[in-house]
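Enquirer:
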Amino acid sequence: MKKSIVFSLLLLSSLSLSASFTDYFIERTMRIDFIHAGNENKEHYYIESIRQEPFWGGSQKNLIDTFKYGHYYFEVYDKSTNILIYSRGYSSLFGEWQTTNKAKNTQKSFFESIVFPFPKKEIVVIWYARNYQGEFEKQMTYEVDPKNYFINPSLEKPYPIYTALQSGEPKNKVDIVILPEGYTADEMELFKNDCNKFTQELFRFHPYSQFKNSFNIVGVLAPSAESGNDIPADSIWRNTQLNSRFYTFDSERYCMTEDYKSVRDLAANAPYDQIYILVNTEKYGGGAIYNFYNVSVNSNAKAGQIFIHELGHGFAGLADEYYTSSTSYNDFYNLNIEPWEPNISTLVNFDAKWKHLVDPSTPIPTPDTKKYKNKTGAFEGGGYVAKGIYRPKHDCLMKSFEDNNFCPACEEAIIKMIKFYTE
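Sequential numbering of the sequence shown, starting at 3, is according to this note's numbering.
Written out as C-alpha cells, the structure is:
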C-alpha cells in the first residue's frame, strides 16, 4: 500500500505539470492554519482556521514540487476534476521535536500552517508525513470552498515594508521577507541597516553572487516592545514580536520560535518564498527548517556566516554536515535509506546523490586525509553522527565556518532551487 501511495504521488505530479496558474488560482495566498500534535510515535492534525493573504510571491509556473524534500508534503487538488494543481514539501519544529528525549513520554502541540495560491474553485488538500523508511504516508484530507465566508482576508499584523533589493516581479524571483525580532521602535533604522547589510552578505557567497538579479528582499517594519529576545537559562525574558528564544530543545545556540502564527501573520505583509527572522542580539545562534523559517542573529562576529548557513537549510533543504557538536536528536537519520537532503548520503544509493560530481579517481568512501582535502568525494561524518553518514567535502559552510565556501553538492542544490523559483 505504501509503495502504491508513492507511485500515485509521482504519477499525479507528472500528469499535472502543465497546470495553468490562471486556470486555477488568483494572485493571493490561501493559508491553512492547523495544530500538529503528538509524541515520538504518533501525530495528529487539527484544522484551526483559513486566511486569505493579499499577495502570492511564489512561482506561477512551477506549481508542482519536483524535489520531494522535507519531512512533510501536501497536495492541492481541484475538487471537480481531481487534477493536482499544487504541491510542496516542508519540515517543521514538531518534526524535530519528535526526535528528542522529551517526545518519548510527552504529548505536545505546535501551531503550523501551509500556504499556496488562492484557488478559484473548491479544492481538496492532502497532508503526508515521511516515515522512517522515507515513504510519504497520508495523514489528513480537507476540503475547502474558497467562497466560504469564514475565510478571513484581513491582516492580523499590518506594518509598512522596507525594500532592500527589488529585482523584478515576485512571480519570477526568490522573494525573501525579513522579520525583525527584538528591535524596538527606536531601533527600526538599525533594522533597515541590517536588512541592507545581510542583503550584501548574501551575495558575498557563491553561488548566490551569480544570481543577485534573481532575488527580491524586503523587511517588515514591526517594532517590539523590548530589545533582544529570550534566553531562558539566564532567566532573560523579553516582550517581542515573535517570542523567539535560545535553548530550543535545550541547545543553547538553537534560536527558534514556537509562535509560528505570529511569524506567518507578520510575513503576510509582503510577497514571500522564504521567511527570515533577524534577532537583535550579539549572542551566537540561529536555526532554520526547510520551507518553514530561517533565524539568524544580527550582530555576532559570525552573523554573516550564520545567515548564509541557515538559509542553506530553509531555502535549499541542506543538511548540517557537522557531527561532533552535541544535539538533542535521537536516530535522526535511518542509515538503511538515503536521506532526502541533497548534501548527505548513506551510500545506499549514491548514484542519486552527488556521485556525478566526483572524479573517477577519487575513492568512495573518501579518506579524510590531506590528499583529498580539496576533493569532492564521500567523507564519513555528517548529519550529527560520525559513522554511516557521508558529506561531499572535508569542509563546507554547512559543516563549519573555517571555509567560506559551499561544497559543489550544496552549490548545485542551491542553484537548482533558485531556478525552480525564478522560471
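Glycine included, each C-beta is placed from N, C-alpha and C at the ideal position.
Are glutamate 114 and histidine 38 touching if we call contact CB-CB under 7 angstroms?
Expert: In contact: glutamate 114 and histidine 38 (Cβ atoms closer than 7 angstroms).
Enquirer: Can you list, in chain order, the residues of its chain with a C-beta nearer than 8 angstroms to that of lysine 106? Leave out the 5 residues immediately preceding and following it.
Expert: Asn41, Glu42
Enquirer: Mapping the DSSP letters down to three states, classify arginine 90 as helix, strand or coil.
Expert: strand
Enquirer: For the segment 180-250, which segments carrying the alpha helix (DSSP H) assignment without a break, of at least 4 residues, lie completely within its bounds, in sequence order?
Expert: For the segment 180-250, the continuous alpha helix (DSSP H) assignments of 4+ residues that do not extend past its boundaries occur at 190-204, in sequence order.
Enquirer: Determine the DSSP secondary structure at histidine 358, reduced to helix, strand or coil.
Expert: In the structure shown, histidine 358 sits in a helix (DSSP, three-state: H, G or I).
Enquirer: Can you tell me where the beta strand (DSSP E) with serine 264 in it begins and where it stops?
Expert: From DSSP, serine 264 is part of no beta strand (DSSP E) but of the alpha helix (DSSP H) over 262-269.
Enquirer: Would you kindly work out how many angstroms separate the C-alpha atoms of isoleucine 66 and glycine 60, rounded to a whole number?
Expert: 12 angstroms
Enquirer: Span of the beta strand (DSSP E) holding proline 50?
Expert: Per the sequence shown, residue 50 should be read as glutamate rather than proline. That run of the beta strand (DSSP E) goes 45-55.
Enquirer: Let me make sure I understand the geometry here. Which of Gly379, Met419, Val222, Lys194 has the alpha-carbon closest to that of tyrosine 161?
Expert: Nearest option by C-alpha distance: Val222.
Enquirer: With DSSP run on the structure shown, which of helix, strand or coil describes aspartate 35?
Expert: Strand, per DSSP.
Enquirer: In three-state DSSP terms, what is lysine 5?
Expert: Caution applies to lysine 5, whose pLDDT of 44 falls short of 50 and renders its modelled position unreliable; the value that the coordinates give is listed next. It is helical.
Enquirer: Would you decide whether methionine 419 is buried or exposed? Buried here means 16 or more other CB atoms lie within 10 Å of its CB.
Expert: Methionine 419 is buried by the Cβ-count criterion.
Enquirer: Under 6 angstroms Cβ to Cβ from glutamine 100, same chain only, skipping five residues before and after it: list those, please.
Expert: Glu42
Enquirer: For a minimum of 3 consecutive residues, which ranges assigned as the beta strand (DSSP E) are wholly contained in the segment 363-397?
Expert: 381-384, 387-393
Enquirer: Out of curiosity, what's the CA-to-CA distance linking histidine 208 and cysteine 409?
Expert: 10 angstroms
Enquirer: Give me the Cα-Cα distance between isoleucine 28 and valine 360, rounded to the nearest whole angstrom.
Expert: 44 angstroms
Enquirer: Taking the beta strand (DSSP E) that methionine 142 falls in, what are its first and last residues?
Expert: Taken as a continuous stretch (DSSP letters only), the beta strand (DSSP E) holding methionine 142 covers 138-146.
Enquirer: Assuming lysine 263 and phenylalanine 217 are in contact, meaning their beta carbons sit under 8 angstroms apart, how far apart are those beta carbons, in whole angstroms?
Expert: That belief does not hold up - the Cβ atoms of lysine 263 and phenylalanine 217 are roughly 27 angstroms apart, past 8 angstroms.
Enquirer: Rank Tyr88, Thr102, Gly184, Asp252 by C-alpha distance to the C-alpha of serine 22 and give the top, closest one.
Expert: Nearest C-alpha to serine 22: Tyr88.
Enquirer: Thinking just about the alpha-carbon of each residue, which of Lys389, Asp267, Glu413 is nearest to the one in threonine 378?
Expert: Glu413
Enquirer: Please report the straight-line C-alpha distance between tyrosine 71 and glutamate 343, rounded to a whole angstrom.
Expert: 7 angstroms
Enquirer: Identify the residues that DSSP records as bridge partners of aspartate 353: which are they?
Expert: In the DSSP assignment, no residue is bridged to aspartate 353.
Enquirer: Starting from the C-beta of tyrosine 79, find all residues in its chain whose C-beta is less than 7 angstroms away, skip the five residues before and the five after it, and write them out in chain order.
Expert: Ile85, Leu86, Ile87, Ile125, Val126
Enquirer: Taking buried to mean at least 16 other C-beta atoms within 10 Å of its own C-beta, is histidine 73 buried or exposed?
Expert: buried
Enquirer: According to DSSP, simplified to helix, strand and coil, what is threonine 165?
Expert: strand
Enquirer: For glutamate 414, which of helix, strand or coil comes out of DSSP?
Expert: helix
Enquirer: For glycine 390, which residues of its own chain have a beta-carbon under 7 angstroms away from its beta-carbon, when the five flanking residues on both sides are left out?
Expert: Leu337, Thr348
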